[in-house]
Every structure is written in structure tokens, then in C-alpha cells.
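Asker: Before I ask anything, let me first share the structure, which is written out below as C-alpha cells.
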Amino acid sequence: MFPEYRPRRLRKNQAIRDLVRETTLTTDDFIYPLFLCEGKNIKQEIKSMPGVYRFSLDIALEDIKEAIELGIKAILLFGIPDQKNNIGTSAFLKEGIIQRALRTIKNKFPDLIVITDVCLCEYTSHGHCGILHKTRGGKVEIDNDETLEVIAKVALSHAEAGADIVAPSGMMDGMVARIREALDEAGYTETAIMSYTVKYCSSFYGPFREAADSAPKFGDRRSYQMDPGNFIEAFREATLDIQEGADIIMVKPAMPYLDVIRMLRDNFYHPIAAYQVSGEYAMIKAASQLNYLDEDRVILESLQAIKRAGADLIISYFAKKAAQLLKR
Ligand code: PBG
Numbered sequence: 613m614f615p616e617y618r619p620r621r622l623r624k625n626q627a628i629r630d631l632v633r634e635t636t637l638t639t640d641d642f643i644y645p646l647f648l649c650e651g652k653n654i655k656q657e658i659k660s661m662p663g664v665y666r667f668s669l670d671i672a673l674e675d676i677k678e679a680i681e682l683g684i685k686a687i688l689l690f691g692i693p694d695q696k697n698n699i700g701t702s703a704f705l706k707e708g709i710i711q712r713a714l715r716t717i718k719n720k721f722p723d724l725i726v727i728t729d730v731c732l733c734e735y736t737s738h739g740h741c742g743i744l745h746k747t748r749g750g751k752v753e754i755d756n757d758e759t760l761e762v763i764a765k766v767a768l769s770h771a772e773a774g775a776d777i778v779a780p781s782g783m784m785d786g787m788v789a790r791i792r793e794a795l796d797e798a799g800y801t802e803t804a805i806m807s808y809t810v811k812y813c814s815s816f817y818g819p820f821r822e823a824a825d826s827a828p829k830f831g832d833r834r835s836y837q838m839d840p841g842n843f844i845e846a847f848r849e850a851t852l853d854i855q856e857g858a859d860i861i862m863v864k865p866a867m868p869y870l871d872v873i874r875m876l877r878d879n880f881y882h883p884i885a886a887y888q889v890s891g892e893y894a895m896i897k898a899a900s901q902l903n904y905l906d907e908d909r910v911i912l913e914s915l916q917a918i919k920r921a922g923a924d925l926i927i928s929y930f931a932k933k934a935a936q937l938l939k940r
């Protein structure tokens with residue numbers, strides 16, 4: 613006979629549960645995303661994301677200060693420019709919204725890790741993540757390689773303005789290699805790349821597109837983002853991004869794709885980021901407002917699940933709230 617194993621011995625009280633817990637969430641894990649718009653004194657709530665705002669830079673600085681006081685060490689910036697055009701020129705201007713914000717934020721908070729989204733969808737009038745071109749058959753497509761030249765310029769302009777990490781999110785083939793080359797050539801060998809390696813073509817991005825005014829004006833993103841039915845393809849994407857020089861690889865969205873996070877954790881040795889996206893935030897908020905869920909507990913449980921699946925870094929609109937909850 614085996615001696616009787618009683619798992620409950622280790623669940624008896626909080627102290628013993630704390631001792632044997634495998635996954636402990638900390639504020640060090642979080643990256644806090646922010647939407648920046650032009651102008652002054654602007655704090656405009658996003659309808660489908662209560663508690664998330666578009667900030668003008670002056671107000672954003674106050675919010676960032678609060679985040680730092682809560683122990684948050686990294687932020688991710690999205691720009692909402694006033695000017696958009698066909699090729700997203702405002703994404704790489706020296707006086708662009710993100711470039712100005714970077715200089716100010718890094719000057720004010722030098723220890724804060726500032727990560728920037730490198731994509732064109734907020735800057736193009738058509739809302740796609742790349743440059744469009746007409747095929748001979750008259751179809752409109754994204755020109756992958758032409759897009760690479762523009763996003764390399766965007767990434768370089770962010771590095772020049774002080775970004776610690778650039779995060780290309782457009783899912784263009786070869787984007788990491790092209791950005792690495794551009795950064796290295798200009799001497800920014802220390803600027804890291806966090807690649808949106810496995811970005812699914814997901815309906816969970818809906819609220820973000822309202823926030824960032826980046827919904828495609830026609831069609832969808834299926835020709836560049838990953839098919840939600842695919843798993844092995846994530847392995848291929850990760851292999852490529854790592855070969856191309858990505859420092860951190862990302863899975864997005866997070867909760868619906870925990871299996872993918874775990875697969876990457878088990879097969880690759882790079883830090884893995886997971887993005888708890890706008891739709892995940894909106895679901896938790898909406899259900900909590902209806903009193904269907906206990907918001908505070910669900911926030912922490914969702915983030916813990918993402919970490920347990922294997923994420924080292926978690927991008928979440930709940931970052932500040934979660935940091936507060938962890939202090940209790
Ligand atoms: C842009 C980008 C998107 C998100 C982050 N970067 C949207 C998209 O692909 O349409 C989504 C983030 C979120 O939903 O919170 N390339």
C-alpha cells in the first residue's frame with residue numbers, strides 16, 4: 613500500500629499556499645499601454661474601455677507619474693496623429709507625436725522603460741498597417757517590402773528620440789531584420805526589438821481600433837495577421853523573428869491563446885510577452901459593471917493565468933489597477 617497522499621495538506625492555510633505557489637504575479641511583469649493624441653489638456657475616455665483614455669502629452673505625464681509611483685517600470689506608447697495620409701508619413705517625423713513624447717518622457721523619467729508601437733495603421737488614411745499598391749489585376753494589396761522601408765524609418769526615428777524598445781506590430785514579413793539593420797547601421801545597437809511575432813487576426817482588437825482610430829477603411833487584416841486556427845504556424849513565426857534578431861517575442865491576444873504562449877515558452881529561450889488586448893479588457897470591465905464578475909479578482913486571475921502559461925512580460929490596460937491590487 614502507498615501512504616495516502618493528501619494534497620490538502622498544502623492548501624490548509626494562506627501561508628502554506630503562499631509557500632508552494634508556482635506563479636506569483638508582480639508589478640515588474642507589467643507593461644502599461646498609453647494612447648497619446650495631439651493637443652493640450654485632453655483626457656478623453658474610450659467608450660468601450662472605461663478607465664482607459666486618450667491623453668495629450670501634458671496629461672499623460674501625470675498618469676505616467678502615477679504609474680511609476682505604483683511600481684510600473686515600462687510603458688508602451690501608441691500615437692494618434694492629427695495628420696494621416698496614404699503612406700503614414702506622420703509616423704516618422706522628428707516632430708511627430710511619439711517622437712516628441714519620447715524626448716519629454718525620457719527626459720522627465722529617465723529610468724522608465726519606454727516601448728513604442730511601430731506600425732502604420734494609426735497614421736495611414738486607409739487604416740492598414742502598410743503601404744497599399746495595386747496589382748496588375750487591379751486588386752489593392754499591402755506591399756510588404758515597400759512597407760518595410762517605411763517602418764524601418766519609423767523605428768529609427770523612435771530610437772533617435774530615446775525609445776528603449778521598439779515594438780513592430782504590423783506582421784510584415786522580414787520586419788525585424790529590416791529594423792535591426794536600420795538601427796545597427798545608425799549605431800542604435802542597444803535599442804531592443806520586441807516583435808509582435810504571433811499576432812492573430814482577432815476580433816478582440818475592436819475597442820483598440822476605436823481608441824487609436826485605426827480601423828481599416830476597407831477589407832481586413834487577414835492577409836498579414838495570423839489565422840486564429842493556426843498553432844504550428846506560430847512556431848514558424850517565432851523561428852523567423854528570432855533568426856532576424858528579435859529580443860522579445862510576443863503573443864497577442866493573450867487569454868484566448870494561452871496554448872500558444874505555453875508552446876513558445878517550451879520551445880524557445882527568448883523572453884515572451886503577452887498582450888491582454890482591448891477586447892479582453894472590455895469584456896472584464898463590462899461584466900464587472902453588470903456585477904456579473906468580481907472585477908478585482910478577475911483582473912488578477914486573468915493576469916496570473918497569462919503568466920502561468922509562460923509569459924514573462926504582460927502588456928495590460930489593467931497594469932495600474934493590478935499594481936494597486938498587488939500592493940494590498
Ligand atoms: C496596430 C495594433 C493593434 C493593436 C496593437 N497594435 C490593432 C490591430 O491590429 O488592429 C491591438 C491592441 C489591442 O486590441 O489592445 N497594429
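Per my numbering, the sequence shown starts with residue 613, numbered consecutively.
Just so it is clear, CB atoms sit at the ideal spot from N, CA and C, and this is done for glycine as well.
#1: Pull the bridge partners of ALA886 from the DSSP assignment, please.
#2: Considering only C-alpha positions, which residue in the set THR639, VAL730, ILE709 is nearest to GLU681?
#3: Do the stretch 889 to 899 and the stretch 850 to 862 make contact, defined as three or more Cβ pairs closer than 8 angstroms?
#4: Among the residues of its own chain, which have a CB less than 7 angstroms from the CB of GLU845, if the five just before and after it don't count?
#5: Quick check: ILE807 and PHE704, are their CB atoms within less than 8 angstroms of each other?
#6: What's the call for GLY663, buried or exposed, on a 16-neighbour Cβ count within 10 Å?
#7: Identify the continuous beta strand (DSSP E) that holds HIS745 and give its terminal residues.
#8: Beta-carbon separation of GLU734 and PHE667 under 8 angstroms?
#9: Along the chain, where does the beta strand (DSSP E) that runs through GLY708 open and close?
#10: Is the number of C-beta pairs between the stretch 808 to 816 and the stretch 793 to 800 that are closer than 8 angstroms three or more?
#11: Hey, would you say the C-beta of CYS731 is under 7 angstroms away from at least one heavy atom of the ligand PBG?
#12: Report yes if the CB atom of GLY922 is closer than 8 angstroms to the CB atom of ILE884, and no otherwise.
#13: Determine the direct distance from the alpha carbon of GLU616 to that of MET875, and round the result to whole angstroms.
#14: If contact is defined by three or more beta carbon pairs under 8 angstroms, each pair taking one atom from either stretch, is the stretch 780 to 798 in contact with the stretch 710 to 720?
#15: Following the continuous beta strand (DSSP E) through ALA827, name the residue where it begins and the one where it ends.
#16: Based on Cα-Cα distance, which residue from ALA823, ARG877, THR736 lies nearest to LYS829?
#17: Taking the C-alpha atoms as reference points, what is the distance between ALA935 and LYS751?
#18: With a CB to CB cut of under 8 angstroms and the five nearest residues on each side skipped, what residues in its chain are close to ALA827?
#19: Just to check, is the beta-carbon of CYS741 closer than 7 angstroms to a non-hydrogen atom of the ligand PBG?
#20: Based on the DSSP output, what are the partners of VAL762 in its beta bridges?
#21: Among the candidates ILE654, LYS685, LEU760, GLU674, whose CA atom is the shortest distance from the CA of ILE692?
#22: Taking 7 angstroms as the line, does the beta carbon of TYR817 fall inside it for any heavy atom of the ligand PBG?
#23: Alpha carbon to alpha carbon, what distance is there between GLU634 and THR728?
Answerer: Straight from the coordinates:
#1: Taking the first residue of the sequence shown as position 1, residue 886 is located at position 274. According to DSSP, ALA886 bridges with VAL863, ILE926.
#2: Position 69 of the sequence shown, counted from the start, is the residue given in the question as residue 681. Looking at the Cα atoms, THR639 is the closest of the given residues.
#3: Taking a contact to require three or more Cβ pairs closer than 8 angstroms, the stretch 889 to 899 and the stretch 850 to 862 do not qualify as touching.
#4: Residue numbering aside, residue 845 sits at position 233 when the sequence shown is read from its first letter. Excluding positions up to five away in sequence, the list reads MET838.
#5: Within the sequence shown, numbered from 1, the residue matching residue 807 stands at position 195. Within the sequence shown, numbered from 1, the residue matching residue 704 stands at position 92. It is worth fixing the name first, because residue 807 is Ser in this sequence and not Ile. Not closer than 8 angstroms, so no.
#6: Taking the first residue of the sequence shown as 1, we reach residue 663 at position 51. By the 10 Å Cβ count, GLY663 comes out exposed.
#7: Looking up residue 745 in the sequence shown gives position 133. 744 to 746 is the span of the beta strand (DSSP E), which, as asked, contains HIS745.
#8: Along the sequence shown, read from residue 1 onward, the residue named residue 734 stands at position 122. Along the sequence shown, read from residue 1 onward, the residue named residue 667 stands at position 55. No, they are not a contact pair.
#9: Sequence index remark: in the sequence shown, residue 708 carries index 96 (1-based). No beta strand (DSSP E) contains GLY708, which DSSP labels as neither H nor E.
#10: Using a Cβ-Cβ distance cut-off of 8 angstroms, the stretch 808 to 816 and the stretch 793 to 800 are not in contact, since fewer than three pairs of beta carbons, one from each stretch, lie closer than that value.
#11: Reading the sequence shown from its first residue, position 119 is the one you call residue 731. For CYS731, the CB falls within less than 7 angstroms of some heavy atom of the ligand PBG.
#12: Residue mapping note: residue 922 aligns to position 310 of the sequence shown, counting from 1. Residue mapping note: residue 884 aligns to position 272 of the sequence shown, counting from 1. Their beta carbons are under 8 angstroms apart, which means GLY922 touches ILE884 by this criterion.
#13: Taking the sequence shown and counting its residues from 1, the one referred to as residue 875 is at position 263. Taking the sequence shown and counting its residues from 1, the one referred to as residue 616 is at position 4. Rounded to whole angstroms, MET875 to GLU616 spans 34 angstroms at the Cα level.
#14: Remark: fewer than three beta-carbon pairs, one from each stretch, lie closer than 8 angstroms, so the stretch 710 to 720 and the stretch 780 to 798 are not flagged as touching.
#15: Position 215 of the sequence shown, counted from the start, is the residue given in the question as residue 827. Unbroken run through ALA827: none, as it is neither H nor E.
#16: By 1-based counting over the sequence shown, the position of residue 829 is 217. Taking only the C-alpha atoms, the option nearest LYS829 is THR736.
#17: On the sequence shown, residue 935 is found 323 positions in, with the first residue counted as 1. On the sequence shown, residue 751 is found 139 positions in, with the first residue counted as 1. Across the structure, ALA935 and LYS751 are spaced so that their CA atoms are roughly 48 angstroms apart.
#18: For the purposes of this step, residue 827 is taken as residue 215 along the sequence shown, with counting starting at 1. Closer than 8 angstroms at Cβ, skipping near neighbours: GLY739, ARG821.
#19: Taking the sequence shown and counting its residues from 1, the one referred to as residue 741 is at position 129. Indeed, a heavy atom of the ligand PBG lies less than 7 angstroms from the Cβ.
#20: In the sequence shown, residue 762 corresponds to position 150, counting from 1. Paired residues: none, contrary to the question.
#21: Residue mapping note: residue 692 aligns to position 80 of the sequence shown, counting from 1. Relative to the Cα of ILE692, the nearest Cα in the group ILE654, LYS685, LEU760, GLU674 belongs to ILE654.
#22: Translated into positions along the sequence shown, residue 817 becomes position 205. Indeed, a heavy atom of the ligand PBG lies less than 7 angstroms from the Cβ.
#23: By 1-based counting over the sequence shown, the position of residue 728 is 116. By 1-based counting over the sequence shown, the position of residue 634 is 22. Take the alpha-carbon of THR728 and the one of GLU634: they are about 32 angstroms apart.
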